[in-house]
Structure formats: structure tokens, C-alpha cells
Amino acid sequence: MTTLHVIAHSPFGDDRLASCLRLLGADDALLLCGDAVYALHAGSEPQQLLQAAALDQRLFALDEDLHARAVANDLATPVDYAAFVELSLHYDKVNSWL
17 MTTLHVIAHS PFGDDRLASC LRLLGADDAL LLCGDAVYAL HAGSEPQQLL QAAALDQRLF
77 ALDEDLHARA VANDLATPVD YAAFVELSLH YDKVNSWL
């Protein structure tokens with residue numbers, strides 16, 4: 017069963033991102049939104065964790081949140097809200113890391 021994992025909290029406040037990456041299955045995907053897009057900040061520890069996870073085409077970031085927080089991104093595929101809905105339909109389930 018495939019899962020789209022959604023994280024919206026800053027990666028600098030707790031261990032959600034690291035915990036999620038440990039549980040991510042080979043066919044699962046990760047969507048960063050809200051303050052979670054700060055994980056893509058170049059040179060940061062969260063970005064290094066994401067790079068080490070080698071998610072290839074399974075890492076996404078909400079484009080609106082990237083722009084709102086002025087986060088440069090060369091690691092995640094930017095998606096708009098319509099693509100977010102499509103992703104949620106593509107995977108068997110969606111797990112929001114509250």
C-alpha cells in the first residue's frame with residue numbers, strides 16, 4: 017500500500033521529518049508544505065537528510081509555500097494545489113504528520 021506523507025511543520029522544531037524519512041516505503045512519496053518547505057534550505061541539516069534519502073521523483077513541495085517563504089529549491093518537484101489533489105488520489109492513502 018503506497019502512502020503520500022504530508023509534513024507542514026518546520027523541520028527545525030521537532031523530529032517529524034527524520035521520523036517520516038525512517039518510515040517512508042520504497043513507493044511512498046513526501047510532500048512538504050507550510051513551514052516544512054524550510055527543509056529545502058541549501059546546506060541545512062534537513063536538506064542533507066532529504067538528499068541522503070534519495071527520493072528522486074517522490075519529493076514534492078507546495079509551490080505557493082516555496083514562494084511565500086522565498087525558499088530556493090532544486091531538490092523537490094514544485095506542485096500547485098491541483099497537483100496536490102492529484103497526488104493524494106494517486107497514492108493509496110495520505111498520512112499528515114500533525
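Residue numbers (the working numbering): 17 to 114.
Glycine residues also receive a C-beta, built at the ideal position from the N, C-alpha and C atoms.
Inter-residue Cα distance where the pair is residue i and residue j
i: Ala-86; j: Ile-23; result: 18 angstroms
i: His-25; j: Val-101; result: 20 angstroms
i: Gly-50; j: Lys-109; result: 20 angstroms
i: Ser-112; j: Ala-69; result: 19 angstroms
i: Asp-72; j: Asn-89; result: 14 angstroms
i: Asp-31; j: Ser-60; result: 14 angstroms
i: Ala-99; j: Ala-58; result: 25 angstroms
i: Gly-41; j: Met-17; result: 9 angstroms
i: Phe-28; j: Ser-35; result: 13 angstroms
7 angstroms Cβ shell around residue i - same chain, five flanking residues per side excluded
i: Ala-92; result: Leu-48, Leu-56, Leu-75, Phe-76 and Ala-77
i: Asp-43; result: Thr-18
i: Tyr-107; result: Thr-18, Thr-19, Leu-20 and Ala-45
Local Cβ density within 10 Å of residue i, reported as buried at 16 or more and exposed below that
i: Val-53; result: buried
i: Ala-45; result: buried
i: Gln-63; result: buried
i: Asp-82; result: Going by the sequence as given, residue 82 is Leu instead of Asp. By the neighbour-count rule (16 or more Cβ atoms within 10 Å), Leu-82 is buried.
i: Leu-105; result: exposed
Supposed contact pair residue j and residue i - C-beta distance, whole angstroms, cut 8 angstroms
i: Leu-37; j: Leu-65; result: 6 angstroms
i: Leu-20; j: Leu-114; result: Wrong, their Cβ atoms sit about 15 angstroms apart, outside the cutoff.
DSSP bridge partner residues for residue i (one or two, in chain order)
i: Val-95; result: Leu-78
i: His-21; result: Leu-46 and Asn-111
Other residues of its chain near residue i: CB distance less than 8 angstroms, five sequence neighbours each side excluded
i: Asp-79; result: Pro-94, Val-95 and Asp-96
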